[in-house]
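Count along the sequence shown from 1, add 37, and you get the number used in my numbering. Glycine included, each C-beta is placed from N, C-alpha and C at the ideal position.
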Amino acid sequence: MTILRRTFALVACLSTGTVLAASLQTASSARTVDERCIGRGPIPAAALAHGSGALGCSLVGRVVTAGRVSVVVPPAGVTVAGDGIGRHGEVTGLRVANIGSDVRAVLGSATGSQGAGAASDPPACHDRTFHLEGHRWATSLRYRVALSNAPRRFHHRILTRQIKAADVNMRSGRNTCGKPHLRTPVGHYLGHTSARPNIKPGTSGIKCGAYNTHNVVGFGRLPGGLLGWTCYWYLNRTGHMGAADIMLDTGKALTTKLPSPCTNQWDFEGIVTHEFGHAYGMGHTGSGHSHLTMQHAATPCSTYARTLGIGDWLGMKKMYGAK
Ligand SMILES: [Zn+2]
Numbered sequence: 038m039t040i041l042r043r044t045f046a047l048v049a050c051l052s053t054g055t056v057l058a059a060s061l062q063t064a065s066s067a068r069t070v071d072e073r074c075i076g077r078g079p080i081p082a083a084a085l086a087h088g089s090g091a092l093g094c095s096l097v098g099r100v101v102t103a104g105r106v107s108v109v110v111p112p113a114g115v116t117v118a119g120d121g122i123g124r125h126g127e128v129t130g131l132r133v134a135n136i137g138s139d140v141r142a143v144l145g146s147a148t149g150s151q152g153a154g155a156a157s158d159p160p161a162c163h164d165r166t167f168h169l170e171g172h173r174w175a176t177s178l179r180y181r182v183a184l185s186n187a188p189r190r191f192h193h194r195i196l197t198r199q200i201k202a203a204d205v206n207m208r209s210g211r212n213t214c215g216k217p218h219l220r221t222p223v224g225h226y227l228g229h230t231s232a233r234p235n236i237k238p239g240t241s242g243i244k245c246g247a248y249n250t251h252n253v254v255g256f257g258r259l260p261g262g263l264l265g266w267t268c269y270w271y272l273n274r275t276g277h278m279g280a281a282d283i284m285l286d287t288g289k290a291l292t293t294k295l296p297s298p299c300t301n302q303w304d305f306e307g308i309v310t311h312e313f314g315h316a317y318g319m320g321h322t323g324s325g326h327s328h329l330t331m332q333h334a335a336t337p338c339s340t341y342a343r344t345l346g347i348g349d350w351l352g353m354k355k356m357y358g359a360k
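Here it is, written out as C-alpha cells:
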C-alpha cells in the first residue's frame, strides 16, 4: 500500500511538472506561473467556483479555503469534502473535486442559526427528510480509533464502545420506528492506532488534509462550537468512497453520560452517529428537522441521535438497501 501510494504521489508530481513545463513554453503568456496558479498561498474557494481549467497548472496539494473550512486539493479523480455538526450549526461545509483537467470548489449551504429542539419540528418517525451527497461505500468501511488526544475525563473503554456503537447505529439503521436493519457494508473496527485523523483543527478554522486511505476516528480541539467533523474522499468515476476520517471535540460539551440536571451537554455517541452518517454518504437535512440524526445543529441533553429518524433511515436505505 505504501509503495502504491508513493508511486501515485510520484505520478502526481510528474504530471504537475509536465503541466508547468508546458505552461512555461507558452511564450504568449507574460504572466508568471504563480499568477496563473493563484499565487502560492491558500486559494479562496470562490476562485474555483467555475473551475481551474483555464489556469493551466495543477493545484494538487494546494489548500482551498472557504471561511473557516479548508481542504487540500486531492489527486486527479478524487473529490474531498468536509462537513460537521455544531452546537449552532454555523460552519459551512466545503467540497473540492479534482476531475483531472479541472479543479472545482462547491460550498455547502450556510444553514446558520438555531436548529435545536424546535417544538414544531415533526417527530423522528414522521420526518422523512434526508439529503444524500451522492457517494457510498462499495465495500466495507474499515476504521481505527485514535485515543491519544482523548480528554482524560473519559474512559478509553467507554469511548471505544460508544464509537463502535455509533457506527452500528448508522450502518444498521437502528431506529424506533419499526423499520428493519439496513444492508450497509459491514463497518470493520480494526482496533486502536497512533495515527491521527487526517483533519487539522486550528484556532479559527479546520482543514481536511491530503488524501490517504486510512480511516481514523479521533479527537482534537475543534473551533467555533463544532462538536464533530468528518472529512471524506470519494472517487469521481464510480462515486465510491475512498476514505473517511472523523474528529470529535475535546472540549467540555461532549459527554458519554448525560448529567441530571443537564444544560449545554451533548451526547457523545449521538454526535459520533451523526459523523458516521457523513462517512457513509449522508448530508445535512437543513433546519426544521431537530429530531433527525442528520440535522446540522445538534440538540443538547438528549440521546435522540443514537437512533435514526425515518428520514435518516430512508436515506441510508436508498444507498444501501434494507434486509
Ligand atoms: Zn454534519
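Residues that DSSP places opposite residue i in a beta bridge
| i | result |
| --- | --- |
| Met278 | Tyr271 |
| Cys245 | Val108 and Ile236 |
| Phe256 | Leu285 |
| Ala82 | Bridge partners of Ala82: none, in fact. |
| Tyr180 | Tyr226 |
| Val143 | Arg132 |
| Leu196 | In the DSSP output, where bridge partners are listed per residue, Leu196 has none listed. |
| Asn212 | Leu345 |
| Asp304 | Thr292 |
Contact set for residue i: own chain, Cβ-Cβ below 8 Å, skip 5 residues either direction
| i | result |
| --- | --- |
| Trp350 | Gly210, Asn212, Cys214, Lys216 and Leu219 |
| Ser241 | Arg105, Pro260 and Gly261 |
| His24 | Because the chain spans 38 through 360 in this model, residue 24 falls outside it and cannot be assessed. |
Range of the contiguous beta strand (DSSP E) that encloses residue i
| i | result |
| --- | --- |
| Leu131 | Leu131 to Asn135 |
| Thr425 | Nothing in the structure corresponds to residue 425, since the chain is present only between 38 and 360. |
Cβ neighbour criterion (16 or more within 10 Å) applied to residue i
| i | result |
| --- | --- |
| Arg447 | This structure does not reach residue 447, given that the chain is present from 38 up to 360, and the question cannot be answered. |
| Leu227 | exposed |
| Pro234 | buried |
| Lys355 | exposed |
| Ala289 | The amino acid at residue 289 is misidentified as Ala; the sequence shows Lys. Burial call: exposed. |
| Gly352 | buried |
Close beta carbons around residue i, own chain, < 6 Å, minus the five adjacent residues each side
| i | result |
| --- | --- |
| Leu285 | Phe256 and Gly265 |
| Cys268 | Gly119, Ile236, Cys245 and Asp282 |
Limits of the unbroken alpha helix (DSSP H) element including residue i
| i | result |
| --- | --- |
| Ala334 | Element bounds for Ala334: n/a, residue is neither H nor E. |
| Thr102 | Note, Thr102: premise wrong, no alpha helix (DSSP H); beta strand (DSSP E) at Val100 to Ala103. |
| His168 | Note, His168: premise wrong, no alpha helix (DSSP H); not H, not E. |
| Leu295 | Where Leu295 is concerned, there is no enclosing alpha helix (DSSP H), given that its DSSP letter is neither H nor E. |
| Lys355 | Ile347 to Tyr357 |
Cβ-based neighbour list, residue i, same chain, cut-off 7 Å, excluding 5 preceding and 5 following
| i | result |
| --- | --- |
| Arg43 | Because the pLDDT of Arg43 is 37, which lies under 50, any placement of that residue in the model is unreliable, and the number read from its coordinates should be weighed accordingly. The answer is none, since no qualifying residue turns up. |
| Ile200 | Val182, Val254 and Val309 |
| Val110 | Leu96, Val97, Gly98, Arg99, Val101, Val133, Asn135 and Val140 |
Cβ of residue i within 8 Å of any chain B Cβ
| i | result |
| --- | --- |
| Ala247 | Note that chain B does not occur in the displayed structure, where there is just one protein chain. |
Check your understanding: Should the segment 99-117 be called in touch with the segment 129-148, which here means at least 3 C-beta pairs below 8 Å?
Key -> Judged by Cβ distances under 8 Å, the segment 99-117 makes contact with the segment 129-148, as three or more pairs qualify.
Exercise for review: Give a yes or no on contact between the segment 166-182 and the segment 269-288, applying the rule of three or more CB pairs nearer than 8 Å.
Suggested key: Short answer: they touch.
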